[in-house]
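A short write-up of the structure that comes next.
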Amino acid sequence: MAGLLLRGARRLVHPLVTGVALLVTLLAGSALVLAVGLPAVSGAVPYAVVTGSMTPTIAPGALVVVRDVGTGSIGVGDVITYQVASDRPDVVTHRVVAQTVGPDGRTWLRTQGDANPVPDAAWVRPEQVRGKVWYSVPLLGRLSLLLDHQQRRLAALGAATWLFGYAAVTLVRAWRHPRPRRRTAALPVGLHRAG
Numbered sequence: 006m007a008g009l010l011l012r013g014a015r016r017l018v019h020p021l022v023t024g025v026a027l028l029v030t031l032l033a034g035s036a037l038v039l040a041v042g043l044p045a046v047s048g049a050v051p052y053a054v055v056t057g058s059m060t061p062t063i064a065p066g067a068l069v070v071v072r073d074v075g076t077g078s079i080g081v082g083d084v085i086t087y088q089v090a091s092d093r094p095d096v097v098t099h100r101v102v103a104q105t106v107g108p109d110g111r112t113w114l115r116t117q118g119d120a121n122p123v124p125d126a127a128w129v130r131p132e133q134v135r136g137k138v139w140y141s142v143p144l145l146g147r148l149s150l151l152l153d154h155q156q157r158r159l160a161a162l163g164a165a166t167w168l169f170g171y172a173a174v175t176l177v178r179a180w181r182h183p184r185p186r187r188r189t190a191a192l193p194v195g196l197h198r199a200g
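Numbering-wise (this note's numbering), the sequence shown opens with residue 6 and increments by one.
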């Protein structure tokens with residue numbers, strides 16, 4: 006009797022554990038692709054959002070992925086990431102609310118955070134613009150803030166190794182232990198008269 010209960014419990018737990026592992030794998034894989042893979046192959050740059058100035062559009066802790074599109078293709082309403090000053094690495098992600106031609110003859114941009122009541126004080130010059138926000142992923146920036154560059158690389162490598170390992174184990178198990186094909190009985194076909 007105990008053996009029968011144990012076998013029944015295994016039949017319930019095994020699919021549950023497999024389902025949870027598959028869900029974790031899919032989430033980790035998706036996060037890896039969105040945070041590292043897609044930006045790397047497209048030339049985009051990920052940034053972690055640390056303030057609430059773009060709430061509710063982009064919440065603190067989100068990861069924004071920015072593509073360099075050139076200031077000529079940035080218009081009012083676009084969300085951009087730019088350097089606070091040309092010679093400093095600090096960046097801000099805000100929405101463009103106005104454009105003007107600067108004293109140098111180039112297009113300058115006025116920005117404002119969605120949660121801020123007034124536009125930013127300074128105009129953004131073209132050399133300050135890092136790019137236009139391509140997409141954002143909520144909460145993924147928090148993980149990025151916890152890890153330095155080397156740790157992020159190791160985490161990405163570890164996640165990729167785990168994903169490929171899980172896929173390899175799944176394929177080998179499927180090859181070594183194929184599921185028996187279920188035979189379906191053919192239903193008899195008969196004539197049916199209507200009416």
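Note that CB positions come from ideal geometry on N, CA and C, so glycine has one too.
Residue i in three-state terms, based on DSSP
| i | result |
| --- | --- |
| Gly24 | helix |
| Leu68 | strand |
| Gly170 | helix |
| Leu150 | helix |
| Ser141 | strand |
| Gly163 | helix |
| Val44 | Just to set this straight, residue 44 is Pro in the shown sequence, not Val. Of the three classes helix, strand and coil, the one that applies to Pro44 here is helix, per DSSP. |
| Ala179 | helix |
| Pro185 | coil |
Counted within 10 angstroms of its Cβ, other Cβ atoms place residue i as buried (16 or more) or exposed
| i | result |
| --- | --- |
| Leu145 | buried |
| Leu28 | exposed |
| Val4 | Summary: the structure shown does not reach residue 4, with the chain confined to residues 6 through 200, and so no result is reported for it. |
| Thr105 | exposed |
| Val123 | exposed |
| Val138 | buried |
| Ala166 | The question names Ala, yet the displayed sequence has Thr at residue 166. Label assigned to Thr166: exposed. |
Nearest candidate by alpha-carbon position, reference residue i, set the options
| i | options | result |
| --- | --- | --- |
| Arg135 | Thr76, Ala103, Arg147 and Ala160 | Thr76 |
| Gln117 | Pro108, Val129 and Gly110 | Val129 |
| Pro143 | Ser47, Met59 and Asp73 | Met59 |
Other residues of its chain near residue i: CB distance less than 7 Å, five sequence neighbours each side excluded
| i | result |
| --- | --- |
| Ala53 | Leu68, Gly146, Ser149 and Leu150 |
| Pro65 | Val54, Val55, Thr56 and Gly57 |
| Ile63 | Val54, Val69, Thr98 and Ser141 |
| Asn121 | Ser58 |
Nearest-angstrom beta carbon gap, residue j and residue i [assumed within contact, 8 Å]
| i | j | result |
| --- | --- | --- |
| Ser91 | Gln133 | 6 Å |
| Val97 | Leu114 | Incorrect: roughly 12 Å between the Cβ atoms, too far for contact. |
| Leu168 | Thr30 | 6 Å |
6 Å Cβ shell around residue i - same chain, five flanking residues per side excluded
| i | result |
| --- | --- |
| Pro44 | Pro51 and Val70 |
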